[in-house]
Amino acid sequence: MWEIDNLASMPDDFSGTVRLFPLPDLVMFPHVVQPLHIYEPRYRSMLEDALADDRLLAMSLLQPGWELDYDGRPEVSPITCVGQVVTHTPVEEGKYNLLLMGVRRATIVNELPPDDAFRRAEVVILEDLYPKAGANRRSGLQRELLRCFRKFLPDSPAAQEQFEALMGTELPLGVLADIVAFTVPLELEVKHQLLKEWNVDARVDLLMDGLQQLNGTTGELPPLRPFPPDFSEN
61 MWEIDNLASM PDDFSGTVRL FPLPDLVMFP HVVQPLHIYE PRYRSMLEDA
111 LADDRLLAMS LLQPGWELDY DGRPEVSPIT CVGQVVTHTP VEEGKYNLLL
161 MGVRRATIVN ELPPDDAFRR AEVVILEDLY PKAGANRRSG LQRELLRCFR
211 KFLPDSPAAQ EQFEALMGTE LPLGVLADIV AFTVPLELEV KHQLLKEWNV
261 DARVDLLMDG LQQLNGTTGE LPPLRPFPPD FSEN
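Our numbering numbers the first residue of the sequence shown as 61 and each following residue consecutively.
Take a look at the structure:
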C-alpha cells in the first residue's frame, strides 16, 4: 500500500472543488487503495468527468437516513477523503472498475448547486497535525501500534512479509495509523471517527482503543481487509 503512495497526489493547481462520491458503508483513508465498481449512470458520468480533468473523487460517508433520499442529495459527513483514480478499466454496459488512491482528508465547506448529474463541493484540505506536546511519545506510540497491528495479521508468509516491509519503512505516524485503520475490521463508526481526527496523537489514541477492544472480543475475530481489498459497489 505504502509503496504506491507516490502514484497519487493533490494537483498543484487544485481548485478546491471536488466531485462527491457518497457511499453508506465505506470509510476511505489517505495512503490506501480501494477498488471500486462504478455502475450507476450518475457516477459513470462523475468518473468520466474526473478522468478528463484531475482524476479526483471525494469519498464521503452517507449520514443516517440516507435511504429516504438516495437518488437525490442525502446528507453526507462533512469530513471526506479526497482520492485520485490511479487506474480504470471499462467493463460491460458502460460500467467501470477502478482503483482509487486516498490522498488527503478534507472538510466540506459548501456543496455546489446541482448543475451535473453528480454532486460537487468546495473543500478545505486537512493536513495531519503533530502537536509539539506529543513529540516525546510518538516513537513509543509507533512501536505499540505496530505491535498491536501484528496481532491481527494472519500467519501466512505473504502477510508477514508485508508486515516486515512495513516495519522497515520510515512512515510518519499519521500514515501508519491510516493504513492500520483501513485494514483492521473496526466498526464503521469507529473508522469514521478516525477519518475525522487530523490530530495524529488523538487519532492514534483512538485507534489503539479500538484495537484493544477488538483484541478483547471473545470468539473468532473478523478477517482483515484483503489486499488488494474487494471491490466496493456504488
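Note that beta-carbon positions come from the ideal geometry of N, C-alpha and C, so glycine has one too.
Only a predicted model underlies this, so the values are computations on that prediction, with no experimental measurement involved.
When the five nearest sequence neighbours on each side are left out, the beta carbons in the same chain lying within less than 7 angstroms of the beta carbon of R165 are those of P90, I139, C141, L186, L255, W258, in order along the chain. In the DSSP secondary-structure assignment, R164 is bridged to V142.
L266 is classed as buried because its beta carbon has at least 16 other beta carbons within 10 Å across all chains shown. Around E171, the same chain offers R179, A181 as residues with beta carbons nearer than 7 angstroms, after the five sequence neighbours per side are excluded. Contact between the region 266–275 and the region 240–250 is established, with three or more Cβ pairs separated by less than 8 angstroms. Secondary structure at R179: strand, using DSSP grouped into helix, strand and coil. Around the CB of Y103, 16 or more other CB atoms lie within 10 Å, so the residue is classed as buried.
If you ignore the 5 residues before and after L86, its C-beta comes within less than 8 angstroms of the C-beta of Q94, M119, L121, S292, all in its own chain and listed in chain order.
In the structure shown, the three-state DSSP call for V240 is helix. In this structure V146 is in contact with M161, their Cβ atoms being roughly 5 angstroms apart against a cut-off of 8 angstroms. Going by beta carbons, D188 and G234 fall inside the 7 angstroms limit. A118: member of the beta strand (DSSP E) spanning 116–121, first to last residue. Around the Cβ of L128, a 10 Å sphere holds fewer than 16 other Cβ atoms; the residue is exposed.
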